[in-house]
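Engineer: Letter by letter, the sequence shown follows residues 1 to 214 in UniProt numbering. Let me give you the structure first, and then I'll get to my questions.
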Amino acid sequence: MTASRNTDDVVIHEAVDRLLAAGTEAGLDADRIRTEAGAVAAAVAESAPGAPADWLRVFGRERTTEFFSAANAGRRLRTSPSDTLVALRLTRRDEATAYADALVELAAAAAVGLGRPGPIVAQVASEVATAQRGSSAAPAAPALPTPTFPTSTTPPAVDLTSFGSSAPTAGPAASSGVNLPTPTSAGGSTGCPASRRSSRRCGAGRPLPRPGRR
């Protein structure tokens with residue numbers, strides 16, 4: 001065994017020990033924790049060349065089929081939290097956070113310590129980390145803007161001063177305060193039209209009748 005491989009084994013063993021410590025602190029069975037640790041590590045390193053042999057050595061197993069069985073059991077941890085983690089979040093939320101962190105550390109250790117690392121292995125480790133930590137808290141409800149409504153229904157004032165400057169002194173228009181234009185006559189001060197035909201209707205130019213004799 002090379003020095004580098006020995007170091008990787010130590011890193012994985014330490015990650016498993018932290019997971020065991022977090023799980024037993026929360027009251028979990030040690031064998032259950034070891035089984036889940038093996039599933040996480042195998043699922044992360046499944047595609048790495050040489051990973052089965054390294055996994056058997058680190059977890060003290062003998063048959064290659066055990067590696068693939070563990071990898072098959074751990075694949076769903078790429079998209080959802082483990083059953084153990086789900087149970088902890090329902091009863092012991094603080095311990096659940098520590099257990100999720102330990103699972104993520106184990107996934108990272110398996111990605112570099114089992115077989116020959118590659119981009120697919122790194123991607124799987126990232127997915128496992130997101131699945132285990134991502135649901136640790138329920139998403140907050142989105143904040144919605146508070147609707148605003150107008151506080152006054154009074155119509156805006158209309159300026160009619162451009163229609164005339166003289167205001168009436170009596171009548172409804174005077175009391176309303178609205179400036180109305182002053183009418184102008186084209187026929188002079190008599191109030192009759194200037195045309196000849198119109199002046200006949202008004203009586204313009206007719207002599208006054210003479211008083212009758214008694």
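Here a beta-carbon is modelled for each residue, glycine too, at the ideal position from N, C-alpha and C.
Does the CB of residue 18 have a neighbour CB from chain B at under 8 Å?
Structural biologist: Note that chain B does not occur in the displayed structure, where there is just one protein chain.
Engineer: Alpha carbon to alpha carbon, what distance is there between residue 90 and residue 10?
Structural biologist: If you take the alpha carbons of residue 10 and residue 90, they lie about 33 Å apart.
Engineer: Kindly examine the ligand GTP and report whether one of its heavy atoms sits closer than 7 Å to the Cβ of residue 7.
Structural biologist: Looking at this structure, you won't find the ligand GTP or any other ligand, since it has none at all.
Engineer: Provide the residue span of the alpha helix (DSSP H) that contains residue 91, from first to last.
Structural biologist: Element bounds for residue 91: 83-91.
Engineer: Around the C-beta of residue 30, are 16 or more other C-beta atoms found within 10 angstroms, so that it is buried, or is it exposed?
Structural biologist: Exposed, because fewer than 16 other Cβ atoms sit within 10 Å of the Cβ of residue 30.
Engineer: What do you get for residue 84, buried or exposed, if any count of 16 or more other CB atoms within 10 angstroms of its CB means buried?
Structural biologist: Buried, by the Cβ-count rule.
Engineer: Measure the alpha-carbon distance for residue 24 versus residue 65 and round it to whole angstroms.
Structural biologist: Looking at the two C-alpha atoms, the distance is approximately 28 Å.
Engineer: Over the uninterrupted alpha helix (DSSP H) stretch that includes residue 56, give me the two end residues.
Structural biologist: Where residue 56 is concerned, the enclosing alpha helix (DSSP H) stretches over 51-59.
Engineer: If you count every other CB in all the chains shown that lies within 10 Å of the CB of residue 119, and 16 or more means buried, which is it?
Structural biologist: Exposed.
Engineer: So, residue 44 versus residue 131, is the Cβ gap smaller than 8 Å?
Structural biologist: Taking 8 Å as the Cβ cut-off, residue 44 and residue 131 do not qualify as a contacting pair.
Engineer: My assumption, with CB atoms under 8 Å, is that residue 102 sits in contact with residue 28. Please give the rounded CB distance.
Structural biologist: No, residue 102 and residue 28 are not in contact; Cβ-Cβ is about 11 Å, not under 8 Å.
Engineer: Kindly indicate which three-state DSSP category residue 47 falls into: helix, strand or coil?
Structural biologist: Coil, per DSSP.
Engineer: If I follow the unbroken alpha helix (DSSP H) through residue 115, where does it start and stop?
Structural biologist: Element bounds for residue 115: n/a, residue is neither H nor E.
Engineer: Grab me the residues of residue 129's own chain with a C-beta within less than 7 Å of its C-beta, minus the 5 sequence neighbours each way, in chain order.
Structural biologist: If we look at residue 129 and ignore the five residues flanking it on each side, its Cβ neighbours are 104, 107.
Engineer: Can you list, in chain order, the residues of its chain with a C-beta nearer than 7 Å to that of residue 115? Leave out the 5 residues immediately preceding and following it.
Structural biologist: So the list reads 45, 48, 49, 50, 51, 54, once near-sequence residues are dropped.
Engineer: Is it buried or exposed for residue 38, if we count other Cβ within 10 angstroms and need 16 for buried?
Structural biologist: So residue 38 counts as buried.
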